[in-house]
Amino acid sequence: MNPQANLIFITSLLLGTTITISSNHWIMAWTGLEINTLAILPLISKSHHPRAIEAATKYFLTQAAASALVLFSSMTNAWHTGQWDITQLTHPTSSLILTSAIAMKLGLVPFHFWFPEVLQGSPLTTGLLLSTIMKLPPIALLYMTSPSLNPTLLTALAILSTALGGWMGLNQTQIRKILAFSSISHLGWMAIIIIYNPKLTLLNFYLYALMTATVFLALNTIKVLKLSTLMTAWTKIPSLNAMLLLTLLSLAGLPPLTGFLPKWLIIQELTKQDMAPAATLISLLSLLSLFFYLRLAYCTTITLPPHTTNHMKQWRTNKPTSMAIAILTTMSVMLLPISPMILTIV
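Just so we're aligned, residue 1 is where the sequence shown starts under UniProt numbering, counting upward by one.
Pasting the structure below:
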């Protein structure tokens with residue numbers, strides 16, 4: 001793609017995100033979401049492969065429907081209350097429609113079907129944008145409207161998302177699809193706590209974005225898209241593969257790695273809110289996703305030849321790993337000891 005065009009699309013993405021997260025008026029928030037959608041479409045379809053075009057079409061249709069629902073919910077609320085302010089979403093029907101719209105934007109169950117397909121059809125760098133920065137505006141809207149949302153509905157969506165995200169990721173061989181189901185599972189953790197402690201949702205999102213960025217950039221460096229090629233890629237940059245193993249375990253939420261921090265805090269908060277059954281259920285369901293993270297980790301580092309996969313031997317590359325990956329990996333693995341400081345900042 002032309003570098004100037006690429007620059008325009010990336011700038012538009014940042015602009016759309018900034019407009020949505022800094023707006024007070026529903027129309028401005030909707031405008032930011034639309035700019036975001038239109039800016040990411042060329043980045044999804046830039047390879048001109050039929051799969052990429054299909055992914056871009058699916059993405060456009062679902063996001064257009066979700067944006068229409070956002071607009072419809074805000075207009076219904078304005079009709080009943082005379083308020084266009086985002087924080088004044090008081091009408092129950094409007095908040096119900098908005099929850100559905102944001103669930104569709106994010107890819108929460110039962111509106112998750114588009115997300116694995118779109119991620120599978122996108123390049124790894126675009127997949128990174130879809131999994132991280134594109135989730136920020138809808139989560140910001142949920143954050144601002146959290147006092148008026150329906151707790152029962154959100155808890156149901158969250159538990160279903162964690163269950164299906166773990167369950168459907170078990171059988172996948174394509175790494176991008178596994179990461180898509182991982183994203184759905186993490187969104188469940190964010191959705192369950194948004195009403196009780198919205199700051200925890202943001203902390204969870206930031207740490208999830210950090211770890212996912214590390215995984216996508218590492219996979220992009222070693223040019224891996226399938227589990228079978230991941231098994232043979234350890235010869236390229238062995239040190240990066242070892243760090244990828246730790247980042248995957250962190251994404252799974254194992255102590256003493258960074259990913260354990262949000263899970264620990266969310267379980268603690270749910271217990272304080274007398275939601276021990278929900279906390280137990282969501283913790284047990286996260287074991288499903290732990291299984292496919294361990295499978296990825298096993299394929300990354302622990303599988304050594306000879307094994308049954310027919311493959312070409314990979315050459316070890318001498319190019320240095322980028323500074324961004326080094327910093328992100330360190331943060332993805334080592335932030336748990338400084339969690340008191342993180343909590344004081346948040």
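Every residue, glycine too, gets a C-beta built ideally from N, C-alpha and C.
As the structure is a prediction and not an experimental result, all values here were calculated from the model.
Short check: CB of residue i to CB of residue j, under 8 Å?
i	j	result
Lys-58	Pro-116	no
Ser-148	Thr-90	yes
Leu-217	Ala-324	yes
Ile-194	Leu-164	no
Glu-269	Leu-200	yes
Thr-173	Ile-237	no
Met-134	Ile-86	no
Thr-17	Ala-29	no
Phe-60	Thr-37	yes
Pro-290	Ala-252	Rather than Pro, the amino acid found at residue 290 in this sequence is Leu. The answer is yes: Cβ separation under 8 Å.
Gln-273	Tyr-206	no
Gly-32	Pro-137	yes
Leu-240	Thr-221	yes
Ala-56	Ser-45	yes
Leu-142	Ile-102	yes
Ser-12	Ile-27	no
For residue i and residue j, which I take to be in contact (beta-carbon distance under 8 Å), what is that distance rounded to the nearest angstrom?
i	j	result
Thr-247	Thr-329	6 Å
Ile-40	Leu-129	6 Å
Leu-261	Ser-339	5 Å
Met-331	Leu-210	6 Å
Leu-227	Cys-299	5 Å
Using only the alpha-carbon positions, how far apart do residue i and residue j sit?
i	j	result
Thr-125	Val-333	22 Å
Ala-78	Gln-88	9 Å
Pro-337	Ala-191	26 Å
Leu-170	Thr-162	13 Å
Phe-292	Gly-166	8 Å
Leu-106	Leu-281	22 Å
Ala-64	Leu-294	36 Å
Gly-127	Ile-175	11 Å
Gln-120	Ile-184	14 Å
Leu-225	Leu-245	16 Å
Pro-151	Lys-263	19 Å
Ser-94	Trp-114	24 Å
Asn-204	Leu-230	28 Å
Leu-69	Lys-223	38 Å
Leu-343	Leu-7	35 Å
Ser-23	Leu-14	14 Å
Phe-181	Ser-286	12 Å
Ile-97	Thr-232	47 Å
Leu-335	Glu-54	39 Å
Ser-146	Ile-10	29 Å
Ser-122	Leu-43	8 Å
Ile-266	Pro-198	11 Å
Val-346	Gln-83	30 Å
Thr-62	His-112	10 Å
With 16 other CB atoms within 10 Å as the buried threshold, where does residue i fall?
i	result
Ser-67	buried
Ile-327	exposed
Asn-2	exposed
Trp-234	buried
Leu-187	buried
Thr-212	buried
Ala-158	buried
Pro-92	exposed
Met-341	exposed
residue 355	No statement about residue 355 is possible, as the shown extent of the chain runs from 1 to 346 and does not include it.
Ala-140	buried
Val-215	buried
Ala-276	exposed
Val-118	buried
Val-109	buried
Ala-279	buried
His-25	exposed
His-49	exposed
Leu-296	buried
Trp-315	exposed
residue 353	As displayed, the chain neither begins before 1 nor continues past 346, which places residue 353 out of reach and without an answer.
Thr-271	exposed
Self-check item: Segments assigned alpha helix (DSSP H), at least 4 residues, entirely inside the segment 99-129
Solution: Runs of the alpha helix (DSSP H) inside the segment 99-129: 114-121.
Quiz item: In chain order, which alpha helix (DSSP H) runs of at least 4 residues are fully inside the segment 173-250?
Solution: For the alpha helix (DSSP H) assignment, the uninterrupted runs of no fewer than 4 residues enclosed by the segment 173-250 are, from N- to C-terminal side, 175-193, 198-222, 227-232.
Quiz item: Quick one: complete alpha helix (DSSP H) runs, 4+ long, within the segment 32-111?
Solution: Whole alpha helix (DSSP H) segments, 4+ residues: 50-81, 92-106.
Quiz item: Which parts of the segment 262-333 are runs of the alpha helix (DSSP H), unbroken and 4 residues or longer, counting only runs that do not cross its ends?
Solution: 276-297, all fully within the segment 262-333.
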